[in-house]
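So the structure is just underneath, and the comments pick up after that.
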Amino acid sequence: LASGEQLYSAQMTALSMDDMPEVANRLARALAQKTTVEEAMTLDNITRKDAAPVNRTFSEKIIGVRTGFTMPAQDFEPSLALGFDARLEGQNYFLEFGVGAFIPTDSSDKRSGLGGLYADLGGAYYLTHTSISPYVGAGILPRLQVGSEVDGGVGLAPYGQLGLMFMRESSSRIYTDLRVAQNVIALKKSTYNYDTFQSTTQRFYPTEFTLNVGIGW
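Numbered according to the working numbering, the sequence shown spans residues 405 to 621.
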């Protein structure tokens, strides 16, 4: 216009001279249609930048070992665990995978010892973006378990956790967390009465409190 008023504008950057024909076409369509350069894209004016795959920086792998002490809430002895632990860490969260074994610390007439194998599938969210970061998370613990006076079999315990990750800026990490897990598949304890010649089966769904400590690289 003679007044110098701007009717519409659009801009676009070419990564190289090879993209100039496509960029010119896109700009011309955007100006003519008064739309954005993204909306002006067609199959004939796609640039190399448009066709390039999106860069993804997902995670840092933290692989190590973890040990834990578990205190069940009813009728079972405490247990010790040792296992392999892997964490895939993003900026604000991590996914966790692990396998290992747990053994009872003791077994008595009043309390049964419980041991076996476990898997760990979970995730957590960092509450701060600092060298020492607290986190909250949840997951599940599938198990194959055996014990004295307890019928063995498959177990499953969802859990919630609160923990601390140390040295997040380093390639070596130390972490600790407190978990509360709830068994959702019954642990069956059978007893036999020799006076009445009858057996009885009790079902338990113990809540477990676990303190874990791990190191990873």
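Cβ coordinates follow ideal geometry from the N, Cα and C atoms, glycine included.
Remember, predicted model here, so these are calculated numbers, not experimental data.
By the criterion of a C-beta distance shorter than 6 Å, T611 is surrounded in its chain by A477, Q586, once the five residues flanking it on both sides are discounted. Residue burial annotation: I467 is exposed, with fewer than 16 other C-beta atoms found within 10 angstroms of its C-beta. The straight-line gap separating the alpha-carbon atoms of L411 and A456 is approximately 32 Å. Inter-segment contact for the region 598-607 and the region 566-583 is absent: fewer than three beta-carbon pairs are separated by less than 8 Å. Between the beta-carbon of I507 and that of S535 there is about 35 Å, and that puts the pair past the 8 Å contact cut.
C-alpha of S463 to C-alpha of E553: approximately 44 Å in a straight line. DSSP places V441 outside any beta strand (DSSP E), giving it a letter other than H or E.
Distance from the CA of F488 to the CA of Q495, rounded to the nearest whole angstrom, comes to 23 Å.
Beta-bridge annotation (DSSP): L499 is paired with L492, G527. Following the DSSP letters along the chain, one finds R577 inside the beta strand (DSSP E) bounded by residues 577-586.
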